[in-house]
Amino acid sequence: MPKVTISLDAELVVEVMVLAGVGSPQDAVELVVRDYIARGHRTEARVAARDEPEGKQDVRPPDPQA
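Going by UniProt numbering, the sequence shown opens with residue 1, and the numbers climb by one from there.
Okay, here's the thing in structure tokens:
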């Protein structure tokens, strides 16, 4: 997969590292981005389930990615 290099405020990255419980800035930011994407998919699944007629709700959340 291609990589992207970005610059972030150091205080922001340190706070993310503490909240995520990881020692690597790269890993911390990657975890936040993956969580954001997974949350979006869960929201989409809930909205799709709500829009389906009764009895046809067979929406499973996506498998967590490591």
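Using N, Cα and C, we set each Cβ at its ideal position, and we do this for glycine too.
| query | result |
| --- | --- |
| Below 8 Å CB to CB, which residues in the same chain sit around Gln65 once its five sequence neighbours on both sides are set aside? | Arg34 and Ala38 |
| Helix, strand or coil for Gly40, going by three-state DSSP, please let me know. | helix |
| With respect to the alpha helix (DSSP H) encompassing Leu12, which residues constitute its N-terminal and C-terminal limits? | Ala10 to Ala20 |
| Less than 9 Å between the beta carbons of Val13 and Ala28, yes or no? | yes |
| What is the DSSP secondary structure of Asp27, reduced to helix, strand or coil? | helix |
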